[in-house]
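Taking it in order: structure first as C-alpha cells, then the write-up.
Number of protein chains: 2
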Amino acid sequence: MIKVAIMGHGTVGSGVYEVFDMNADKIAKTVGEPVEVKYVLDLRDFSSLPYGNKFVTDFSVIENDPEVTVVAEVMGGVGAAYQFTKRCLEAGKSVCTSNKELVATKGEELLKIAEEHGVNYMFEASVGGGIPVIRPMLQCLAANEFNEICGILNGTTNYILTQMIHNGVTFADALKQAQLNGYAEKDPTADIEGHDACRKICILSDLAYGDKFDPDQVSCEGITKITLEDVANADKLGCVIKLLGRSVRCEDGTAYAYVAPHLIHKESPLAAVEDVFNAIMIDGNATGEVMFYGKGAGKLATASAVVADMLDSIEHKDNRRRIFWGDGSKNLLRPLDTLQSAWYVRFKGAQKDVEELLPVESLTEPAEGVFVVQTRKLSTAEMNAAAEKLKACGEVRAAMRIL
Amino acid sequence: MIKVAIMGHGTVGSGVYEVFDMNADKIAKTVGEPVEVKYVLDLRDFSSLPYGNKFVTDFSVIENDPEVTVVAEVMGGVGAAYQFTKRCLEAGKSVCTSNKELVATKGEELLKIAEEHGVNYMFEASVGGGIPVIRPMLQCLAANEFNEICGILNGTTNYILTQMIHNGVTFADALKQAQLNGYAEKDPTADIEGHDACRKICILSDLAYGDKFDPDQVSCEGITKITLEDVANADKLGCVIKLLGRSVRCEDGTAYAYVAPHLIHKESPLAAVEDVFNAIMIDGNATGEVMFYGKGAGKLATASAVVADMLDSIEHKDNRRRIFWGDGSKNLLRPLDTLQSAWYVRFKGAQKDVEELLPVESLTEPAEGVFVVQTRKLSTAEMNAAAEKLKACGEVRAAMRIL
Numbered sequence: 001m002i003k004v005a006i007m008g009h010g011t012v013g014s015g016v017y018e019v020f021d022m023n024a025d026k027i028a029k030t031v032g033e034p035v036e037v038k039y040v041l042d043l044r045d046f047s048s049l050p051y052g053n054k055f056v057t058d059f060s061v062i063e064n065d066p067e068v069t070v071v072a073e074v075m076g077g078v079g080a081a082y083q084f085t086k087r088c089l090e091a092g093k094s095v096c097t098s099n100k101e102l103v104a105t106k107g108e109e110l111l112k113i114a115e116e117h118g119v120n121y122m123f124e125a126s127v128g129g130g131i132p133v134i135r136p137m138l139q140c141l142a143a144n145e146f147n148e149i150c151g152i153l154n155g156t157t158n159y160i161l162t163q164m165i166h167n168g169v170t171f172a173d174a175l176k177q178a179q180l181n182g183y184a185e186k187d188p189t190a191d192i193e194g195h196d197a198c199r200k201i202c203i204l205s206d207l208a209y210g211d212k213f214d215p216d217q218v219s220c221e222g223i224t225k226i227t228l229e230d231v232a233n234a235d236k237l238g239c240v241i242k243l244l245g246r247s248v249r250c251e252d253g254t255a256y257a258y259v260a261p262h263l264i265h266k267e268s269p270l271a272a273v274e275d276v277f278n279a280i281m282i283d284g285n286a287t288g289e290v291m292f293y294g295k296g297a298g299k300l301a302t303a304s305a306v307v308a309d310m311l312d313s314i315e316h317k318d319n320r321r322r323i324f325w326g327d328g329s330k331n332l333l334r335p336l337d338t339l340q341s342a343w344y345v346r347f348k349g350a351q352k353d354v355e356e357l358l359p360v361e362s363l364t365e366p367a368e369g370v371f372v373v374q375t376r377k378l379s380t381a382e383m384n385a386a387a388e389k390l391k392a393c394g395e396v397r398a399a400m401r402i403l
Numbered sequence: 001m002i003k004v005a006i007m008g009h010g011t012v013g014s015g016v017y018e019v020f021d022m023n024a025d026k027i028a029k030t031v032g033e034p035v036e037v038k039y040v041l042d043l044r045d046f047s048s049l050p051y052g053n054k055f056v057t058d059f060s061v062i063e064n065d066p067e068v069t070v071v072a073e074v075m076g077g078v079g080a081a082y083q084f085t086k087r088c089l090e091a092g093k094s095v096c097t098s099n100k101e102l103v104a105t106k107g108e109e110l111l112k113i114a115e116e117h118g119v120n121y122m123f124e125a126s127v128g129g130g131i132p133v134i135r136p137m138l139q140c141l142a143a144n145e146f147n148e149i150c151g152i153l154n155g156t157t158n159y160i161l162t163q164m165i166h167n168g169v170t171f172a173d174a175l176k177q178a179q180l181n182g183y184a185e186k187d188p189t190a191d192i193e194g195h196d197a198c199r200k201i202c203i204l205s206d207l208a209y210g211d212k213f214d215p216d217q218v219s220c221e222g223i224t225k226i227t228l229e230d231v232a233n234a235d236k237l238g239c240v241i242k243l244l245g246r247s248v249r250c251e252d253g254t255a256y257a258y259v260a261p262h263l264i265h266k267e268s269p270l271a272a273v274e275d276v277f278n279a280i281m282i283d284g285n286a287t288g289e290v291m292f293y294g295k296g297a298g299k300l301a302t303a304s305a306v307v308a309d310m311l312d313s314i315e316h317k318d319n320r321r322r323i324f325w326g327d328g329s330k331n332l333l334r335p336l337d338t339l340q341s342a343w344y345v346r347f348k349g350a351q352k353d354v355e356e357l358l359p360v361e362s363l364t365e366p367a368e369g370v371f372v373v374q375t376r377k378l379s380t381a382e383m384n385a386a387a388e389k390l391k392a393c394g395e396v397r398a399a400m401r402i403l
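These protein sequences, in sequence, are chains A and B.
Using the UniProt record's numbering, the first residue of the first sequence is number 1, and each one after it goes up by one.
Using the UniProt record's numbering, the first residue of the second sequence is number 1, and each one after it goes up by one.
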C-alpha cells in the first residue's frame, strides 16, 4: 500500500481525492499496488465528510510521516504552498502541483531542491489543466529542438471571446456571463489582462528552451480592449480573435515570448478551440506542428493531471525525471522589437496617412473615415513607430498581430 | 556514450539516423550522455553515405554486441522484423518501433518477452506517427478510465476526403493525386479500405481497455464508396465526412471497436483536421475529452517518435514501463449490434418507405426521388434491418453514422 497526502481541499484538492476514490482499481493496476490518501491538509472543518477522519490541520504531521512518499500541493498561492512544498521535498517526498503561480515564480528553486533530495517536483496540471502537455513535450518530443510554442492557455478569456464571436455579446457582458457561470473570478484581472496565460507560456518556455522566463519581464496584453467591431472585421478577413501565449525560438537560442490577442485564420486548428477549452501548438524541428487540446481547467480534469504526476512519481521513485530549467542567467528572453508579423490595424483618420505609414496588404473602409488594414509583415519596432505617427494624425483604435 | 542500432534504412530508418545526427546536443542533454548510432542494418548498399561505415547486413552483429542496448525496428512487415525484434528482446535489448502491423498482430507476445527479459518494447510511432498519443494516454491520463477513443488515424484517406470536400475532386481523382504526391501507395488498399486505421484503433483499444483487440475481428469499412453527392449532403447538414477509428467502452467493461466513415459536425475539433494530418480524441472519466493533433506520417515526424521512445528506454533501463495488454481471452470486443447512433441515409425510392422504415429526424429531396435522411438514434441491428427492407423497395445509396 502506497500512502500519499493532499495539501488543500478546495476545488482541485477535493477533485484529487475524488479521482483516487473513483478510479482506485485503475490506479492500483497502474502502480502495481493500492494507493491510499492518508492525510488531507486543510484548516477548515470537513469532519462531516465520509473521509473526514483523514483531515489534519498541522502540516508537520505530513512532513514527519515517513510512510507518505508523494504529496499533492493544491493550495494555491506562493506563501504557505511554497514553504510546505519546500519542506516536503527536503523531507524526501515528491510533490505534484497545479499551482502555476508557484511554478512560474519558484519552479527553478523547487526543482533544484527536489534534485538535491532525489525526489520529483512535477506540475503537469499547471499548464492546460487536464491536457497532457508538459510530459509529452519533455518525453515524446524529447528528440526535437522546439521552434515555437503557441497556445490558447486561458479558458476564461477564450469563453469571453467565443461569446463575442458567436453571440455578438460585448466584452463587458461576456465577462459578466463568465462570472455568473463560474468561469471567471470576482476579480478577473489575472485572466483578462493575460497574467494567467503569461505564467503558463513562461513555464512552457522554461521547459522548451532550458532557461527561466520571468513572467514580470514577458510582454503581456489582455483582451479588455477588444470590441465587437474588431470581431466583425476579423471575420471579414477570414479570421477569429484569440488570446495567445506564444514563444518563438531564434537561431541564436534566444526566444521571443509574449501574450497578446491575435487574429488567427479560420483554417488553423487553433481557431476551432472554443469556450473554456485550451489548446497548445508546439512546433518541433523533427515532428513539425503538434497540438494538444482539452479542458484547461475544471475540478476533475485538473485533478486527474495531478494524480497522473503522483502515479508517475510513485512508479519512478528511484529514477528521477530530468527537467532542465536554468536560473535565468542565460537571458534567453529576446525583446519583441525584431519579431516580424503581419498586423490588423483599425484606424480613424485619412486613408492617405495609413497608406503612407503602413505596408498595406489590404484595406477596407467599413465605416466612414474608419479604415481596416491588413499589413504585410513588419517588425514590432516598425509597427510601434508607425503607430506613433498614425496617432499624430488620427486615432489607432486597434492593432493586433495576425498569426 | 550510449550505443544504439537501427534496423532498416527506408524512409523512417534514415529519418531516425537524421534525428540522432541533427539533434545530437539536445539528445545528449536529455539522457545525460551522448548517444551514438553504432549500426544500421540494411541489405542494400549505402556505403557511399557519410555514415556508410555503420551499415551491416548481418543481424547477429547487432544481436551479439552487448554495447548496443536499444534498437529501432523500422523495417516494417511481420517477417524478419518479428524475428529480429524477438531476438533483440531476448538478448536484453529494448526495441522501439513504428511498425503498426507487427504491434497490432504480435504486440502482446513481444511485450511479454520484453517483460521476461526486463527490457522495453515501445511503439509510440505506430499510432499517429509523430503525434504523442500512446505515452500521454498511458501516463498523463493514467488516473482515468477511458470511455471512448475516436480518431482520424490515416493521413492518406484524410487527404482524399479533404480534396473531395474542399476542391470537389472525385474519390478516384483524389486517390490519383494522393499517389502522385506520395501520400498513397501504388496499392492503396490498406489505406482506403481502412485496414491501416483498424490496426491503429486496435492498438489504442488494447492499451486503453487492457485486452487484445484483433484487427481481423474488428468491423472495418473504408472510404471507396463515398461520392461527391454525400460530401455535398453532409455539408448541408453542417457536417464533413471523415474516416474514423472508434472504440466505445460499455459499463460491463466490453467495448465496441470499428472503423467507418462518419458525418462529423463542423464545430467538432475533429472536423478541422485536414489533409494528411491525424488527430486522436480520448475521453477519460476524469479529464473529459482531450485531443492530440499533428502529422500522422512523414519521415522526421515518425522518426522523432521512435527516437523519443529510444531515449525513454535509455533513461528507464532499470525501470520498465508497465504496459497492460491481455491475450484476448477476456473477449472485450463487443458486437456492434447494440451501438446506438444517428445515421445519414441516401435513398432512391419512395418517401413513404423511408418515413415508414426509419426514425426520421430530417428529410430532404435533393434530386427527384432521392431522399437524404438524418435519423434519430437507433441501434446498428435496427439500422441494418431497416436497410434490408429499404433495399427491397428502392436503393440505399449511402448509409453512414453521424457522430
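Glycine is no exception: its CB is placed at the ideal position from the N, C-alpha and C atoms.
- For B/Gly194, same chain residues with a beta-carbon under 7 Å away, outside a window of 5 residues either side, are Cys220, Glu221, Gly222, Leu243, Val259 in chain order.
- In the DSSP secondary-structure assignment, B/Met400 is bridged to B/Tyr344.
- Of the residues assessed, B/Phe347 falls on the buried side of the cut-off, its CB having 16 or more other CB atoms within 10 angstroms.
- With respect to A/Ala399, A/Val345 sits close: the two C-beta atoms are nearer than 8 Å.
- Residues of chain A whose Cβ lies closer than 8 Å to the Cβ of B/Cys140 are, in chain order, Glu124, Pro132, Arg135, Pro136, Ala305, Ala308.
- Burial check for A/Glu251: the Cβ neighbour count within 10 Å stays below 16, so the residue is exposed.
- The beta-carbon of A/Phe292 is placed less than 8 Å from the nearest beta-carbon of chain B.
- Runs of the alpha helix (DSSP H) lying entirely within the region 227-300 of chain A, each at least 4 residues long, are 228-236 in chain order.
- Counting C-beta pairs closer than 8 Å gives fewer than three between the region 1-20 of chain B and the region 363-382 of chain A, which falls short of the contact rule.
- Nearest CB-CB separation between B/Pro269 and chain A: below the 8 Å threshold.
- Rounded to whole angstroms, the gap between the alpha carbons of A/Ala305 and A/Lys236 is 39 Å.
- Chain-order list of chain B residues neighbouring A/Gly155: empty, with the shortest C-beta distance near 12 Å, by a criterion of under 9 Å.
- Assignment of beta-bridge partners to A/Tyr159 by DSSP yields no partner.
- Rounded to the nearest angstrom, the Cβ distance from B/Ala301 to A/Gly288 is 5 Å, consistent with a contact under 8 Å.
- Only residues of its own chain outside the window of five on either side were considered, and among them none has a CB closer than 6 Å to the CB of B/Thr189.
- Between B/Asp42 and B/Phe55, the C-beta spacing is below 8 Å.
- In the DSSP annotation of this structure, the continuous segment of the alpha helix (DSSP H) that includes A/Asn384 starts and ends at 380-393.
- Spanning the alpha carbons of A/Arg87 and A/Asn53 requires a straight line of approximately 24 Å.
- Residue-level contact by beta carbon fails for A/Leu237 and chain B, as no gap is shorter than 8 Å.
- Judged by pairs of C-beta atoms under 8 Å, the region 223-234 of chain B does not touch the region 270-285 of chain B, as fewer than three such pairs exist.
- Nearest C-alpha to A/Thr30 among A/Lys389, A/Gln340, A/Ile314, A/Leu357: A/Ile314.
- For B/Lys391, the number of other beta carbons within 10 angstroms of its own is below 16, and it is reported as exposed.
- Shown here for A/Gln374: same chain residues with a beta carbon closer than 7 Å to its own, the five before and five after excluded, namely Leu237, Ala342, Tyr344, Glu361, Ser362, Ile402 in chain order.
- In chain A, no part has a C-beta under 8 Å from the C-beta of B/Leu161; the shortest such distance is about 15 Å.
- Under the Cβ criterion (8 Å, minimum of three pairs), the region 103-121 of chain B does not count as touching the region 101-112 of chain A.
- Linking A/Ala350 to A/Ala234 through their CA atoms gives a straight-line distance of about 21 Å.
- Beta-carbon to beta-carbon, B/Val127 and B/Thr97 are separated by about 11 Å, too far to satisfy the 8 Å threshold.
- DSSP, read as helix, strand or coil, puts A/Ser304 in helix.
- A direct Cα-Cα distance of roughly 56 Å separates B/Val61 from B/Ala381.
- Rounded to the nearest whole angstrom, the C-alpha separation of B/Pro50 and B/Thr11 is 17 Å.
- For A/Leu358, same chain residues with a beta-carbon under 7 Å away, outside a window of 5 residues either side, are Val345, Val373, Thr375, Ala386 in chain order.
- Taking C-beta separations shorter than 8 Å and ignoring five residues to either side along the sequence, the partners of A/Glu355 in its chain run Leu363, following chain order.
- Annotated three-state conformation of B/Val119 is coil, per DSSP.
- DSSP places B/Glu355 in the uninterrupted alpha helix (DSSP H) bounded by 351-357.
- Inclusion of A/Leu336 and A/Tyr209 in the CB contact set at 8 Å is not warranted, their separation being larger than that value.
- Neighbours of B/Thr105 across chain A, judged by C-beta separation under 7 Å, do not exist; the nearest C-beta is about 24 Å away.
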